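In the numbering used here, the protein residues as written are 107 to 492.
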Ligand SMILES: Cc1ncc(COP(=O)(O)O)c(C=O)c1O
């Protein structure tokens, strides 16, 4: 492992604080290192490994596609793309009838905001303190978390801030120049912050009233993470479906892909050449999307998430240092009485990978959707309460 660490440190820009693990192979909830160690992965590589590492159905699909046609652009039709679009729309809330494919979460959000501006002829976008939307120019300008807007300077004009969960703060800025309200329906990086279902309902009504496009950034909450296909339309959203959902992360099980799902009204404003990207809708990524959605369905992962979440909450209630468990499904923020960094480190020493957040007391869990009770038991006993 030493030479791996040395080489990366020497030849790659040091943009991430890395764990001392050289990941070599994955299987379900496990990551195997080049030293022959095995780690329980409760972080999923930034929430990407939704179907688990190397799900056999996904691996088979991308192997077959790789041998057939790796890529051709949107200038031709493709069975792989047709299938992925049909499958994605089929699991989405009924009003979201069209997909646009791109390559990442930030790009999905850039396109979501662009579509809202095109549909309304307005420029301003409201986002929320604590929300994270990506690192490209417009998305980072929409990110009122930590110092991201500082990093992204000069910021794109046309971004307004409101307080998550606080309708008065939204009403105060939602004037006739506002094209869209965009939010992470559960604010993950901020420490897994949730809002009352009524907040989403009121946002929906305000948007209808003032001709504003509602965008859910479901880059983390989408594709089964909350135990539903999407946060949109769920009970936690009070059944509210936005006009646009942006997706990425778990959508391709690790093959980079992003998407926007839009309703007919938004779609009616988008014409040829308004949006595009070379790699969007490429065959390899599309085969991964279809196989990912099929695997979630075939393995009944949504049911699994709900059952194992309940078990996790019950087991964590026995753990004295745990003050609260935030979030939904397998997007969980475990709040400790003290700073969580030491717990994160202690778990790592016991070969369990978890995530931190911008709330120093909150440890984040974003495990593969196939995590079972046995994995929860390992985690809870590693916390010192087995
Ligand atoms: C909610 C949310 N939106 C957008 C992004 C950006 O996605 P990407 O890193 O694929 O550009 C992230 C990444 O962490 C995210 O968590």
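Just so you know, even glycine gets a beta-carbon here, dropped at the ideal spot from N, CA and C. Please read these numbers as outputs of a predicted model, since none were measured by experiment.
Does the beta-carbon of residue i, which I'm using as the reference point, lie nearer than 7 Å to any heavy atom of ligand 1?
| i | result |
| --- | --- |
| residue 206 | no |
| residue 359 | no |
| residue 238 | yes |
| residue 288 | no |
| residue 375 | no |
| residue 354 | yes |
| residue 265 | no |
| residue 432 | no |
| residue 325 | yes |
| residue 439 | no |
| residue 233 | no |
| residue 212 | yes |
| residue 180 | no |
| residue 215 | yes |
| residue 219 | no |
| residue 295 | yes |
| residue 152 | yes |
Between which residues of its own chain and residue i is the CB-CB distance below 8 Å, once the five residues before and five after are set aside?
| i | result |
| --- | --- |
| residue 415 | 333, 434, 435, 436, 438 |
| residue 178 | 184, 388, 389 |
| residue 168 | 361, 390, 393, 394, 397 |
Looking at residue i: is its Cβ nearer than 8 Å to the Cβ of residue j?
| i | j | result |
| --- | --- | --- |
| residue 350 | residue 190 | no |
| residue 468 | residue 297 | yes |
| residue 432 | residue 323 | no |
| residue 233 | residue 213 | no |
| residue 348 | residue 318 | no |
| residue 282 | residue 275 | no |
| residue 369 | residue 201 | yes |
| residue 215 | residue 340 | no |
| residue 271 | residue 305 | yes |
| residue 279 | residue 228 | no |
| residue 454 | residue 125 | yes |
| residue 133 | residue 457 | no |
| residue 381 | residue 220 | yes |
Express the C-alpha separation of residue j and residue i in angstroms, rounding to a whole number.
| i | j | result |
| --- | --- | --- |
| residue 311 | residue 205 | 24 Å |
| residue 460 | residue 263 | 36 Å |
| residue 377 | residue 396 | 26 Å |
| residue 488 | residue 112 | 30 Å |
| residue 137 | residue 484 | 15 Å |
| residue 116 | residue 391 | 31 Å |
| residue 123 | residue 441 | 22 Å |
| residue 286 | residue 196 | 25 Å |
| residue 153 | residue 181 | 32 Å |
| residue 120 | residue 203 | 41 Å |
| residue 406 | residue 301 | 27 Å |
| residue 166 | residue 172 | 10 Å |
| residue 371 | residue 273 | 25 Å |
| residue 404 | residue 170 | 19 Å |
| residue 118 | residue 127 | 16 Å |
If you drop the 5 nearest sequence neighbours on each side, which residues of the same chain put their C-beta closer than 7 Å to that of residue i?
| i | result |
| --- | --- |
| residue 161 | 359, 401 |
| residue 492 | Residue confidence is low: residue 492 scores 47 on pLDDT, short of 50, so the model does not pin down where it sits. Its coordinate-derived value is still stated next. These residues qualify, in order along the chain: 486. |
| residue 135 | 146, 147, 158, 473, 474, 476, 477, 481 |
| residue 209 | 362, 363, 364, 383, 385, 386 |
| residue 411 | 330, 333, 435, 436, 475 |
| residue 251 | 236, 237, 238, 295, 296, 464 |
| residue 247 | 255, 258, 261, 262, 265 |
| residue 130 | 138, 139, 140 |
| residue 417 | 479, 482 |
| residue 450 | 460, 462, 469 |
Looking at ligand 2, does it come within less than 7 Å of residue i, judged from the CB to the closest heavy atom?
| i | result |
| --- | --- |
| residue 463 | Looking for ligand 2 in the displayed structure turns up nothing; the ligands present are ligand 1. |
Got a sec: is the Cβ-Cβ distance from residue i to anything in chain B below 8 Å?
| i | result |
| --- | --- |
| residue 442 | You won't find chain B in this structure, because it holds only one protein chain. |
Residues in the same chain with beta-carbon distance under 6 Å from residue i, minus the five sequence neighbours each way, listed in chain order, please.
| i | result |
| --- | --- |
| residue 422 | 428, 431 |
| residue 198 | 367 |
| residue 291 | 322, 327, 337 |
| residue 335 | 197 |
| residue 466 | 445 |
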